[in-house]
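Heads up, the sequence shown is in my numbering, so the first residue is 1 and it goes up one at a time.
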Amino acid sequence: MLKFLSWTRWPSSQERRSFLARFATIVLGGIAALFPFAAGWSVLFDPLRRRRDANGEANAAGFVRVCPLDALPADGVPRAFVLSTDVTDAWTRVPNQRVGMVFLRHVAEGSNPRILALSAECPHLGCAVTFAAAENRFECPCHASAFGVDGREIIGPSLRGLDPLPAKVVTQNGQQEVWVAYQRYRTGVAERIPVG
Ligand code: FES
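Okay, here's the thing in structure tokens:
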């Protein structure tokens with residue numbers, strides 16, 4: 001009771017100075033502690049931030065450089081390419097990893113070339129299709145599915161045509177390059193359901 005009464009009286013100037021000094025110590029100590037915490041937070045989450053920023057517009061949209069435009073036959077015959085890129089998984093960067101295979105066709109000439117990109121993964125069960133030039137069609141060696149040069153299904157157990165992929169022509173340093181956004185889809189079904 002005596003102690004309670006002692007705190008109910010108006011504090012002396014010395015007590016007020018003591019309280020303000022302790023309060024200032026706590027506030028300044030808290031601010032000082034925030035600096036290393038903020039630095040640690042930045043280091044911890046920096047890879048995630050860099051991953052979102054990516055390197056330029058093309059990478060940010062998932063596009064991968066495949067080849068110079070003039071590497072594609074002008075007569076529209078498809079050509080197969082392996083897609084490789086640096087794979088970044090938060091804190092780990094693995095250079096030059098194979099992500100898939102794609103057939104590219106140069107289907108239009110002129111100032112606005114059009115590229116048809118088809119995944120080389122058979123939609124039936126995922127074998128790699130090849131292009132049979134004599135028949136002008138894609139063929140799967142596993143269960144004999146066949147696809148037209150435009151990717152549509154012709155025969156075989158595959159329930160859909162070859163999967164088209166977004167492609168674009170990018171001009172860099174005066175050279176036209178073909179970029180493709182690779183995407184895998186679920187096999188064995190008629191719908192295109194993205195995987196991963
Ligand atoms: S995996 Fe291509 S037809 Fe079966």
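We put the CB at the ideal spot given by N, CA and C, even for glycine.
Within the continuous beta strand (DSSP E) that includes residue i, where are the two ends?
i, result
"Ser-119", "115-119"
"Trp-179", "175-181"
"Pro-157", "It is not in any beta strand (DSSP E) - Pro-157 carries neither H nor E in the DSSP assignment."
"Val-99", "92-106"
"Val-170", "167-172"
According to DSSP, simplified to helix, strand and coil, what is residue i?
i, result
"Ala-132", "strand"
"Thr-187", "coil"
"Leu-72", "coil"
"Ala-24", "helix"
"Arg-137", "strand"
"Ser-84", "strand"
"Arg-200", "The structure shown does not extend to residue 200, since the chain is modelled only from 1 through 196, so no value can be given for it."
"Gly-29", "helix"
"Arg-52", "For Arg-52, the predicted structure reports a pLDDT of 40, less than 50, and the residue's modelled location is therefore unreliable. The matter cannot be settled from this model."
Which one or two residues does DSSP pair with residue i in a beta bridge?
i, result
"Val-77", "Its beta-bridge partners do not exist; DSSP assigns none."
"Ala-144", "According to DSSP, which records beta bridges pairwise, Ala-144 is partnered with nothing at all."
"Cys-67", "Val-178"
"Asp-150", "Paired residue(s): none; Asp-150 is not in a bridge."
"Pro-164", "Leu-118"
Who are the Cβ neighbours of residue i in its own chain at under 6 Å, not counting the five residues just before and after it?
i, result
"Val-87", "Val-94 and Gln-97"
"Ala-167", "Ile-115, Ala-117 and Val-180"
Excluding five sequence neighbours on each side, which residues of the same chain lie with their C-beta closer than 8 Å to the C-beta of residue i?
i, result
"Pro-68", "Gln-175, Gln-176, Glu-177 and Val-178"
"Gly-126", "Thr-187"
"Pro-73", "Arg-79 and His-106"
Identify, in the order they occur along the chain, each residue of the same chain with its Cβ nearer than 7 Å to the Cβ of residue i, setting aside the five sequence neighbours on each side.
i, result
"Arg-114", "Val-107 and Ala-108"
"Phe-45", "Only weak support is given to the placement of Phe-45: the predicted model assigns it a pLDDT of 49, under 50, and the question is left unresolved by the model."
With a threshold of 7 Å, establish whether the CB of residue i neighbours any heavy atom of the ligand COA.
i, result
"Ser-119", "Ligands present in the displayed structure are limited to the ligand FES, and the ligand COA is not among them."
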